[in-house]
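Peer 1: Take this structure first; my questions come after.
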Amino acid sequence: MSQILSTSYITQLIDNYKYNEQVKQVNPITVRKSKYSNLSLTWNSLKTKLSSFSTVLSDMKSTSSSSLFNTKKATLSSSDFFTASAEKTASINNYEMRVLQLAKNDLLVSDTMVSGTSVTTLAGNHTFSVSSGNYSANVDVELTASETNSSIMTKIASAINNSKATINSSTFDANSTFTGAGQFKIVIGDTQNSEDVVTSTISYDYQNKTYSEIMEDLVSQLSLINGVQAEKVIDGSNVGIKITGKNSAKYISMQAANDTGGLLSNLNIDAEKVIGASGLATSAIFSPSTGSSKISFSAKNSGYDNRLVLSDVTGSALSSIGLSSVILANRTIAADDNTAGYKYSAESSTNNELNSKMVFNGINIQRNSNSFSDLITGVTFNLKAVMDEEDQSVSMNITNDVDTVKTKIESFIKSFNESYSFIRANQTAGANTTRGVFTGDSTANSLKSKLQSAVLQSVTGLSAGNVTRLADIGVTFDPETGLSMSDTAKLTEQINKDPDQVAELFNSNNGIAQTLYSTLETYLGPDGTISRLTDSLDNNANYLKDRIDGINKRIDKGAEVLRSKYEALQMQLATLMTSYNNMSSMFGSY
28 MSQILSTSYI TQLIDNYKYN EQVKQVNPIT VRKSKYSNLS LTWNSLKTKL
78 SSFSTVLSDM KSTSSSSLFN TKKATLSSSD FFTASAEKTA SINNYEMRVL
128 QLAKNDLLVS DTMVSGTSVT TLAGNHTFSV SSGNYSANVD VELTASETNS
178 SIMTKIASAI NNSKATINSS TFDANSTFTG AGQFKIVIGD TQNSEDVVTS
228 TISYDYQNKT YSEIMEDLVS QLSLINGVQA EKVIDGSNVG IKITGKNSAK
278 YISMQAANDT GGLLSNLNID AEKVIGASGL ATSAIFSPST GSSKISFSAK
328 NSGYDNRLVL SDVTGSALSS IGLSSVILAN RTIAADDNTA GYKYSAESST
378 NNELNSKMVF NGINIQRNSN SFSDLITGVT FNLKAVMDEE DQSVSMNITN
428 DVDTVKTKIE SFIKSFNESY SFIRANQTAG ANTTRGVFTG DSTANSLKSK
478 LQSAVLQSVT GLSAGNVTRL ADIGVTFDPE TGLSMSDTAK LTEQINKDPD
528 QVAELFNSNN GIAQTLYSTL ETYLGPDGTI SRLTDSLDNN ANYLKDRIDG
578 INKRIDKGAE VLRSKYEALQ MQLATLMTSY NNMSSMFGSY
């Protein structure tokens, strides 16, 4: 009796009630919800596999010159002297080449001078120019009356290495005004890559604006452009603007002719491809012997077209270190351990030590660089070493890249099988005889049939005699396992024999890749069959979840009502038991 009156007894009754109600009401709905959730999860897993397959198909269905079936490779008889890589646009052919000279960066050195010798006669500002290729930059150096040979070289080297592209306006009375409206362009480009050019437009509309306000507005707009920094220059009561490039390899153009409102002309700015000297050359100081100093100037880019041309503009900073106008202008004096001059000869575009030189198919060829891609369409060369006379010329064969095509077809097979096998696996009963998730699913069965049909059918619309089936290139299909590469030799033979036929098998209008890609498009995407299906399944699962939550709440509420009733009955029983015990005590005493 004491057990009936315990709290645990009521809890046990309530738990039994809740369990029985959940078995009757919740469990059947939970089974249905799990079915929807599992089916949605399985479709999403298949969608991931199909998306990967679609990416493979996208490459294989391409008919452009960049099609993977146009992949080429360069094979060399020796890679000791140069390497070559072929792109898809390269033509199949055979070539022969010898490397006679490697390209070099132009090098200029000063006289070897006693480091500590005082130089007192060069105090003042000096300007010299540095030119390379189509670009030129002026460099300013300020010298004092207490310089030494070493300190002069240090200042020259520092001025070159820290030089940036700089554009300065004239200065104007800060309170004077300008009126004009228009826009101009600022162009930032790479000296070695004509395609790397960024053009930004600056717009203005000034009505009696002071030059102080104008400079502030221009600084504000120019500061938003990546690659330059702008600052307002204050010179007493006058103001101006200074624009500096951040990247030494980039030039800056701000041409007055492109200004629709005349502001640049007013500011005396008209700059075309201005670059800092650090984008053209580097400079370094070294000591050939103890107590001596020598400075070198090296072109940033190799080749005759990028040879260095230096000259004093004002002052004599360069001539003070042995770089006279005769040496700089004529290149007739070669550098040695003590004397200033150029390290490499550069008499002409054909007679120089700066270009790379080759004999290509019997023709003498020169380039500015050791790496170039303009000799044969679609082929990039990288020169490594000069050949001796006894070295055999290197043969180069441009052929179809069979391995790449085979790898891509193997990727196609693998990706197809991942999707196909996934569908089959989920249509088959498991080890515990449970039905597969896709068993009886008409959408999954239809997709599997379409995949199978696409790889088994003969491709129509091809020329007579062409391969029309995957089996023709050694790829076979098994309904149990999917595709397999059953005859690699047949595929290799067909690619070498006629790669266009292999390509058309996949990328023609009715080709296998085209057909499969079009099929998958209807299943993938935000509005595709799978998305619509999983949305419906998820909605059903969420609806059933809400039903389960509602039923559980009702069961919990019913359980609490029962608990209250049980507790009331328990109280009544306890009262009766107390009365019974009291009466037993009374009658027991007689």
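Per our numbering, the sequence shown runs over residues 28 to 617.
Heads up, the beta-carbon is just placed ideally off N, CA and C, and yes, glycines get one too.
#1: Would you identify the three-state DSSP class for VAL432, choosing helix, strand or coil?
#2: What number of angstroms, rounded off, separates the C-alpha of LEU77 from the C-alpha of ASP505?
#3: Just to confirm before moving on: does the CB-CB distance between ASN382 and ALA130 stay below 7 Å?
#4: Short of 6 Å in beta carbon distance, which residues of its chain neighbour SER159, apart from the five on each side in sequence? Order them along the chain.
#5: Under the DSSP definition of a beta bridge, which residues are partnered with ARG394?
#6: What does the alpha-carbon distance come out to for the pair THR226 and SER163?
#7: Could you work out which residue in GLN52, ASP339, GLY330, PHE96 is closest to ALA540 when comparing CA atoms only?
#8: Enumerate, from N- to C-terminal direction, the unbroken beta strand (DSSP E) stretches of 3 or more residues contained entirely within the segment 295 to 348.
#9: Which runs of the beta strand (DSSP E) fall wholly inside the segment 79 to 167 and span at least 3 residues, in chain order?
#10: For the beta strand (DSSP E) that THR206 lies in, which residues bound it at each end?
#11: If contacts are defined as beta-carbon pairs under 8 Å, then PRO526 and ASN427 qualify, I think. What distance do you get, rounded to the angstrom?
#12: Are at least three pairs of beta-carbons, each pair with one atom in the segment 547 to 567 and one in the segment 501 to 517, less than 8 Å apart?
#13: Taking 7 Å as the threshold (C-beta atoms), are ASN188 and SER319 in contact?
#14: Less than 8 Å between the CB atoms is what I'm expecting for VAL486 and LEU532, so what's the real figure, rounded?
#15: Which residue's Cα is closest to the Cα of ILE621: LYS433, ILE296, THR206, SER591?
#16: In the DSSP output, what is ASN47 paired with across the bridge?
#17: According to the Cβ coordinates, are ALA373 and TYR331 closer than 7 Å?
#18: Given this structure, state the Cα-to-Cα distance separating THR434 from ASP107, to the nearest angstrom.
#19: Closer than 7 Å by C-beta to GLU243: which residues in its own chain qualify, once you throw out the five before and the five after it? Chain order, please.
#20: Any contact of the segment 87 to 104 with the segment 390 to 402, i.e. 3+ C-beta pairs under 8 Å?
#21: Buried or exposed, going by whether 16 or more other CB atoms sit within 10 Å of the CB of GLN521?
#22: Indicate whether the contact test is met: 3 or more Cβ pairs, each with one atom in the segment 460 to 472 and one in the segment 57 to 70, closer than 8 Å.
#23: What ranges does the alpha helix (DSSP H) occupy inside the segment 437 to 518, keeping only unbroken runs of at least 4 residues that lie completely in it?
#24: If you reduce the DSSP assignment to three classes, tell me which class ASN378 lands in.
#25: Judging by CA-CA distance, which residue of ASN328, THR287, THR271 is the nearest neighbour of VAL301?
#26: Could you check the C-alpha separation between GLY463 and SER591 for me, to the nearest Å?
#27: Grouping DSSP H, G and I as helix and E and B as strand, with all else coil, what is ALA361?
#28: By the 10 Å Cβ neighbour count, where 16 or more other Cβ atoms means buried, how is GLY216 classified, buried or exposed?
#29: For the structure I just gave you, are there three or more beta carbon pairs, one from the segment 136 to 149 and one from the segment 436 to 447, closer than 8 Å?
#30: In terms of DSSP beta bridges, what is ILE279 paired with?
#31: Considering only residues of the same chain and omitting the five flanking positions on each side of VAL266, which have a CB-CB separation below 7 Å?
#32: Does DSSP classify VAL588 as helix, strand or coil?
#33: For the segment 597 to 613 and the segment 41 to 58, state whether three or more C-beta atom pairs, one from each stretch, are separated by less than 8 Å.
#34: Should the segment 117 to 128 be regarded as contacting the segment 399 to 413, the criterion being three or more beta carbon pairs within less than 8 Å?
#35: When you compare only the Cα positions, how much space is there between GLY509 and GLY488?
#36: Leaving out five residues on either side along the sequence, give the residues of the same chain with a beta carbon under 8 Å from the beta carbon of ALA184.
Peer 2: Judging by the given coordinates:
#1: Counting from one through the sequence shown, the residue named residue 432 turns up at place 405. It is helical.
#2: To locate residue 77, count along the sequence shown from 1; it is residue 50. To locate residue 505, count along the sequence shown from 1; it is residue 478. Cα to Cα, the separation comes out at about 19 Å.
#3: If you number the sequence shown from 1, residue 382 lands on position 355. If you number the sequence shown from 1, residue 130 lands on position 103. Cβ distance < 7 Å, so ASN382 and ALA130 count as in contact.
#4: On the sequence shown, position 132 is the one that residue 159 refers to. LEU307, ALA326, ASN333, LEU335.
#5: Walking along the sequence shown from the start, residue 394 turns up at place 367. Bridge partners of ARG394: SER383.
#6: By one-based count along the sequence shown, residue 226 stands at place 199. By one-based count along the sequence shown, residue 163 stands at place 136. If I take the Cα positions, the gap works out to 21 Å.
#7: The count along the sequence shown starts at 1 and reaches residue 540 at position 513. When each option's Cα is compared against that of ALA540, the closest is PHE96.
#8: 298 to 301, 308 to 313, 319 to 329, 335 to 341
#9: 99 to 103, 109 to 113, 120 to 128, 132 to 136, 151 to 159
#10: As a working note, residue 206 is residue 179 in the sequence shown. Run containing THR206: 204 to 217, per the beta strand (DSSP E) assignment.
#11: Working through the sequence shown from its first residue, we reach residue 526 at position 499. Working through the sequence shown from its first residue, we reach residue 427 at position 400. Yes, they are in contact, since the Cβ atoms of PRO526 and ASN427 sit about 5 Å apart, within 8 Å.
#12: no
#13: Residue numbering aside, residue 319 sits at position 292 when the sequence shown is read from its first letter. Residue numbering aside, residue 188 sits at position 161 when the sequence shown is read from its first letter. Contact: no.
#14: Indexing the sequence shown from 1 puts residue 486 at position 459. Indexing the sequence shown from 1 puts residue 532 at position 505. Yes, VAL486 and LEU532 are in contact; Cβ-Cβ is about 6 Å, under 8 Å.
#15: Because the chain spans 28 through 617 in this model, residue 621 falls outside it and cannot be assessed.
#16: If you number the sequence shown from 1, residue 47 lands on position 20. None, per the DSSP bridge assignment.
#17: Along the sequence shown, one-based indexing puts residue 373 at 346. Along the sequence shown, one-based indexing puts residue 331 at 304. In this structure, TYR331 lies closer than 7 Å to ALA373 by Cβ.
#18: The count along the sequence shown starts at 1 and reaches residue 434 at position 407. The count along the sequence shown starts at 1 and reaches residue 107 at position 80. The alpha-carbon atoms of THR434 and ASP107 are separated by roughly 28 Å.
#19: For the purposes of this step, residue 243 is taken as the residue at position 216 of the sequence shown. LYS259.
#20: no
#21: As a first step, residue 521 is located in the sequence shown; it is residue number 494 there, counting from the start. It counts as buried.
#22: yes
#23: 469 to 483
#24: Within the sequence shown, the letter at position 351 stands for residue 378. The answer is coil: DSSP assigns ASN378 none of H, G, I, E or B.
#25: The sequence position of residue 301 within the sequence shown is 274, counting from 1. Per the Cα distances, THR271.
#26: The residue labelled residue 463 in the question sits at position 436 within the sequence shown. The residue labelled residue 591 in the question sits at position 564 within the sequence shown. Each residue's alpha carbon lies about 47 Å from the other.
#27: Position 334 of the sequence shown, counted from the first residue, corresponds to residue 361. Strand.
#28: Locating residue 216 in the sequence shown gives position 189, where the first residue counts as 1. Answer is buried; the Cβ neighbour count reaches 16.
#29: no
#30: Counted from its first residue, the sequence shown places residue 279 at position 252. Paired residues: ILE215, VAL301.
#31: Numbered from its first residue, the sequence shown carries residue 266 at position 239. Closer than 7 Å at Cβ, skipping near neighbours: THR198, PHE199, ALA201, TYR238, SER239, MET242, LYS259, VAL260.
#32: As a working mapping, residue 588 is identified with position 561 in the sequence shown. DSSP places VAL588 in helix when its eight states are reduced to three.
#33: no
#34: yes
#35: Residue mapping note: residue 509 aligns to position 482 of the sequence shown, counting from 1. Residue mapping note: residue 488 aligns to position 461 of the sequence shown, counting from 1. Distance between the alpha carbons of GLY509 and GLY488 is about 26 Å.
#36: For the purposes of this step, residue 184 is identified with residue 157 of the sequence shown, where counting begins at 1. Contacts found: SER310, ALA311, ILE312, ILE322.
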